[in-house]
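Q:
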Amino acid sequence: MSQLEIKDLHISIGDKPIVKGLSLTIKQGEVHAIMGPNGTGKSTLSKAIAGHPDYTITSGDVLMDGQSILSMEVDERARAGLFLAFQYPSEIPGVSIANFLRAAVQARMAEGEELDATAYYKRLYSKMDMLKIDRKFTSRSVNEGFSGGEKKRCEILQMAMLEPKFSVMDETDSGLDIDALRIVAEGVNTLRGPGLGILLITHYQRLLNYIVPDFVHVMYDGRIVKSGDKNLALELEAKGYDWVKKELAKA
Ligand code: ADP
Ligand code: MG
Numbered sequence: 010m011s012q013l014e015i016k017d018l019h020i021s022i023g024d025k026p027i028v029k030g031l032s033l034t035i036k037q038g039e040v041h042a043i044m045g046p047n048g049t050g051k052s053t054l055s056k057a058i059a060g061h062p063d064y065t066i067t068s069g070d071v072l073m074d075g076q077s078i079l080s081m082e083v084d085e086r087a088r089a090g091l092f093l094a095f096q097y098p099s100e101i102p103g104v105s106i107a108n109f110l111r112a113a114v115q116a117r118m119a120e121g122e123e124l125d126a127t128a129y130y131k132r133l134y135s136k137m138d139m140l141k142i143d144r145k146f147t148s149r150s151v152n153e154g155f156s157g158g159e160k161k162r163c164e165i166l167q168m169a170m171l172e173p174k175f176s177v178m179d180e181t182d183s184g185l186d187i188d189a190l191r192i193v194a195e196g197v198n199t200l201r202g203p204g205l206g207i208l209l210i211t212h213y214q215r216l217l218n219y220i221v222p223d224f225v226h227v228m229y230d231g232r233i234v235k236s237g238d239k240n241l242a243l244e245l246e247a248k249g250y251d252w253v254k255k256e257l258a259k260a
């Protein structure tokens, strides 16, 4: 079984430390949720794992099956089985979703290996059926004029096609209406299974009403300060983040 291991990770933007020693191990088959107030470093964590050049890892490591991914190029990380939900272009006019996904699948194949078109479409359509996505959807241009929900549908379909071992999904609070939230939840619930580990980062406790995570972690000031099961999310909803802050102040 594979695992994604974040080890005492410290991340800075410029010379400002944002993530200050975060450790977390995700096994294939598990869904972990990270919650936390705004500005606490959640998106910084996901962008650094994705290899975004503005985010400097000053110490610690991120390992997949014991091997550090930090020196890998972004596409190497993807080929190794890591899916990052936001590293994709926001809008590509004139490129259909079907062709975009085909290029994405091709890019993850070994050099010299050719994608068989018939097999590709067969797989695409079976994934779409599984996710209950209309066939017409794939002839649209990537993200062009998409609603928040359609962007999410495109992202989930991409995840289904790439069959990653681990998926890091940062559900920021911008543009996530109830429709988009539902699409993410249904997609994750359909795709979750023994072959996929998910790190779901969210500002929304509400999302966790639809996706029941195996583990919930509360992030505050660049660290995980509390971990538990799905009940922790409910407790947070009832008591708010101030409860966590007060507990920290006492300790
Ligand atoms: P969260 O996702 O938990 O709301 P972020 O990771 O987006 O938090 O932000 C954490 C901190 O890093 C905030 O103080 C934010 O202002 C700062 N920050 C995030 N991105 C940048 C950036 N590109 N340049 C400078 N500061 C940033
Ligand atoms: Mg964020």
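For the sequence shown, the numbering used here gives the first residue as 10, with consecutive numbering after it.
Here a beta-carbon is modelled for each residue, glycine too, at the ideal position from N, C-alpha and C.
Out of THR49, LYS29 and LEU13, which has the shortest C-alpha to C-alpha gap to SER77?
A: Closest option to SER77, Cα to Cα, is LEU13.
Q: Determine the DSSP secondary structure at LEU133, reduced to helix, strand or coil.
A: Correct three-state label for LEU133: helix.
Q: What residue range is occupied by the uninterrupted alpha helix (DSSP H) comprising TYR250?
A: Per DSSP, TYR250 belongs to the alpha helix (DSSP H) from 250-259.
Q: Please confirm whether any heavy atom of the ligand MG lies closer than 6 Å to the CB of SER148.
A: SER148: no, Cβ never under 6 Å from the ligand MG.
Q: As a quick exercise: from VAL234, PHE92 and GLN167, pick the residue whose alpha carbon is nearest that of PHE109.
A: The shortest C-alpha separation from PHE109 is found at GLN167.
Q: For GLY249, is the beta carbon positioned less than 6 Å from some heavy atom of the ligand ADP?
A: GLY249 Cβ: outside cutoff for every heavy atom of the ligand ADP.
Q: Compute the Euclidean distance between the alpha carbons of LEU243 and GLN214, then round it to the nearest angstrom.
A: One C-alpha to the other measures close to 8 Å.
Q: Less than 7 Å between the C-beta atoms of GLY158 and ALA189, yes or no?
A: Cβ distance < 7 Å, so GLY158 and ALA189 count as in contact.
Q: Candidates ARG149, LYS36, ALA59 and LEU31: which alpha carbon is nearest THR49's?
A: THR49 has its Cα closest to that of LEU31, out of ARG149, LYS36, ALA59 and LEU31.
Q: Hey, could you find the ends of the beta strand (DSSP E) GLN12 is sitting in?
A: 12-22 is the span of the beta strand (DSSP E), which, as asked, contains GLN12.
Q: Given this structure, state the Cα-to-Cα distance separating SER150 from ALA107, to the nearest angstrom.
A: Roughly 9 Å between the two C-alpha positions.
Q: What does the alpha-carbon distance come out to for the pair TYR229 and GLY202?
A: If I take the Cα positions, the gap works out to 29 Å.
Q: With DSSP run on the structure shown, which of helix, strand or coil describes LYS141?
A: If DSSP states are grouped into helix, strand and coil, LYS141 belongs with coil.
Q: With DSSP run on the structure shown, which of helix, strand or coil describes ALA119?
A: In this structure, ALA119 counts as coil in the three-state DSSP scheme.
Q: Is the separation between the beta-carbon of LYS145 and that of ILE192 shorter than 7 Å?
A: No, these two residues do not count as a Cβ contact at 7 Å.
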